[in-house]
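> Quick one: structure below, then a few questions.
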Amino acid sequence: DAGITQSPRYKITETGRQVTLMCHQTWSHSYMFWYRQDLGHGLRLIYYSAAADITDKGEVPDGYVVSRSKTENFPLTLESATRSQTSVYFCASSVWGRLNTEAFFGQGTRLTVV
Amino acid sequence: GENVEQHPSTLSVQEGDSAVIKCTYSDSASNYFPWYKQELGKRPQLIIDIRSNVGEKKDQRIAVTLNKTAKHFSLHITETQPEDSAVYFCAAIKSGDDKIIFGKGTRLHILP
Numbered sequence: 119d120a121g122i123t124q125s126p127r128y129k130i131t132e133t134g135r136q137v138t139l140m141c142h143q144t145w146s147h148s149y150m151f152w153y154r155q156d157l158g159h160g161l162r163l164i165y166y167s168a169a170a171d172i173t174d175k176g177e178v179p180d181g182y183v184v185s186r187s188k189t190e191n192f193p194l195t196l197e198s199a200t201r202s203q204t205s206v207y208f209c210a211s212s213v214w215g216r217l218n219t220e221a222f223f224g225q226g227t228r229l230t231v232v
Numbered sequence: 007g008e009n010v011e012q013h014p015s016t017l018s019v020q021e022g023d024s025a026v027i028k029c030t031y032s033d034s035a036s037n038y039f040p041w042y043k044q045e046l047g048k049r050p051q052l053i054i055d056i057r058s059n060v061g062e063k064k065d066q067r068i069a070v071t072l073n074k075t076a077k078h079f080s081l082h083i084t085e086t087q088p089e090d091s092a093v094y095f096c097a098a099i100k101s102g103d104d105k106i107i108f109g110k111g112t113r114l115h116i117l118p
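Just so you know, the protein sequences line up as chains U and A, in that order. One gets the working numbering by counting positions in the first sequence from 1 and adding 118 to each. One gets the working numbering by counting positions in the second sequence from 1 and adding 6 to each.
Written out as structure tokens, the structure reads:
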């Protein structure tokens, strides 16, 4: 789906470095989410946003920062990357709200911290 | 907040047989129950969902059943095919929730 894209697709970074994962959607969906996927843990919610300038913590927010200055963008920043943050990261968007509708996922970013 | 338990974590079935994946939830106010499928190396995608005002919903070979009293819901796949091999995730959400918390997933293997 061209409507939600993540960049980069693959990233290798060193411990202690700052890295930003980008997420862009073209549907003007109000809700956006960041998940990490690890074997044995499924999809765990890191942060989510109900609208521009509104963000909130999910299940595993420590070590991550998000911002949402524009509806279409929801970048995720690892302030000081650690090996435990090696994972596949998925961004998703939805009209959500009271409709509780489908969430559309980006293609994922595989991040390796060495 | 809502807690969703999903079982089994891994399931192997012979091609052509049926597969059942079960989820239980803790918040009786939950009223929306989606199922996502993730093929290897791909993104999760919604395959079916059910709301609390119905007990069952079907879409070709897949169906979802909901038991509100017992607080559990299940995904049923009949006449399984190789392309059904994937990881399946459930979620339980109530109106007003701003987020989706998924179960830990079930890896389904279809054996030839």
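Beta carbons: idealized from backbone N, C-alpha and C, even for Gly.
State yes or no: is the beta carbon of leucine 52 of chain A nearer than 7 Å to at least one beta carbon in chain U?
It does; some Cβ of chain U falls within 7 Å.
> How big is the Cα-Cα spacing for serine 185 of chain U and glutamine 66 of chain A?
Whole-angstrom Cα-Cα distance: 41 Å.
> Kindly list, in the order they appear in chain A, the residues whose Cβ is closer than 8 Å to that of alanine 168 of chain U.
Under the 8 Å cutoff, chain A gives Asp104.
> List the endpoints of the continuous beta strand (DSSP E) containing histidine 115 of chain A.
Note, histidine 115 of chain A: beta strand (DSSP E), 112-117.
> For glutamine 51 of chain A, report the span of its beta strand (DSSP E) as first-last.
Its beta strand (DSSP E) spans residues 51-57.
> Would you report the Cα separation of isoleucine 107 of chain A and glutamate 197 of chain U, rounded to the nearest angstrom?
Cα to Cα, isoleucine 107 of chain A sits roughly 24 Å from glutamate 197 of chain U.
> Suppose you measure from the CA of asparagine 191 of chain U to the CA of threonine 123 of chain U; what does that come to, to the nearest Å?
Straight-line Cα distance between these residues: approximately 10 Å.
> Could you tell me whether the Cβ of lysine 110 of chain A comes closer than 7 Å to any Cβ of chain U?
Closer than 7 Å to some Cβ of chain U, the Cβ of lysine 110 of chain A qualifies, so yes.
> Answer with buried or exposed for glycine 22 of chain A, where buried requires no fewer than 16 other C-beta atoms within 10 angstroms of its C-beta.
Answer is exposed; the Cβ neighbour count stays below 16.
> Starting from the C-beta of aspartate 174 of chain U, find all residues in its chain whose C-beta is less than 8 Å away, skip the five residues before and the five after it, and write them out in chain order.
The residues are Tyr165, Tyr166, Ser167, Ala168.
> Name the chain A residues whose beta carbon is nearer than 7 Å to that of histidine 159 of chain U?
Residues of chain A passing the Cβ test: Lys110.
> With 7 Å as the threshold, decide whether the Cβ of leucine 163 of chain U is near any Cβ in chain A.
Yes, leucine 163 of chain U lies at the interface with chain A (some Cβ there is under 7 Å from its Cβ).
> Please state the DSSP three-state secondary structure of proline 88 of chain A.
The answer is helix: DSSP assigns proline 88 of chain A an H, G or I state.
> Are alanine 199 of chain U and threonine 144 of chain U touching if we call contact CB-CB under 7 Å?
No, Cβ-Cβ distance for alanine 199 of chain U and threonine 144 of chain U is not below 7 Å.
> If glutamine 44 of chain A sits next to phenylalanine 95 of chain A, beta carbons under 8 Å apart, how far is it from one beta carbon to the other, in whole angstroms?
Rounded, the Cβ-Cβ distance is 7 Å, consistent with contact.
> Distance check for serine 34 of chain A and glycine 47 of chain A, CA to CA, integer angstroms please.
Computed Cα separation, rounded: 34 Å.
> Since histidine 142 of chain U sits in a beta bridge, which residues does DSSP pair it with?
Per DSSP, U/Thr123, U/Asn191.
> In chain A, which residues lie with their C-beta within 9 Å of the C-beta of aspartate 174 of chain U?
Per Cβ cutoff of 9 Å: Asp104, Lys105.
> Going by DSSP, what residue range makes up the beta strand (DSSP E) through threonine 227 of chain U?
Unbroken beta strand (DSSP E) run through threonine 227 of chain U: 227-231.
> Per DSSP, which residues does threonine 71 of chain A bridge with? Please list them.
BP columns for threonine 71 of chain A point to A/Glu62, A/Ser80.
> Give the secondary structure of glycine 148 of chain U by DSSP, where H, G and I count as helix, E and B as strand, and everything else as coil.
Checking the sequence shown, residue 148 of chain U turns out to be serine, not glycine. Looking at serine 148 of chain U - three-state DSSP - the assignment turns out to be coil, as it is neither helix nor strand.
> Quick check: the Cα distance between serine 125 of chain A and valine 137 of chain U, rounded to an integer number of angstroms?
Given that chain A is displayed from residue 7 to residue 118, the structure contains no residue 125 of chain A and the question cannot be resolved.
> Since valine 213 of chain U is in the beta strand (DSSP E), which residue starts that stretch and which ends it?
Note, valine 213 of chain U: premise wrong, no beta strand (DSSP E); not H, not E.
> So what does glycine 160 of chain U bridge to, in DSSP terms?
For glycine 160 of chain U, which the question treats as bridged, DSSP gives the partners U/Asp156.
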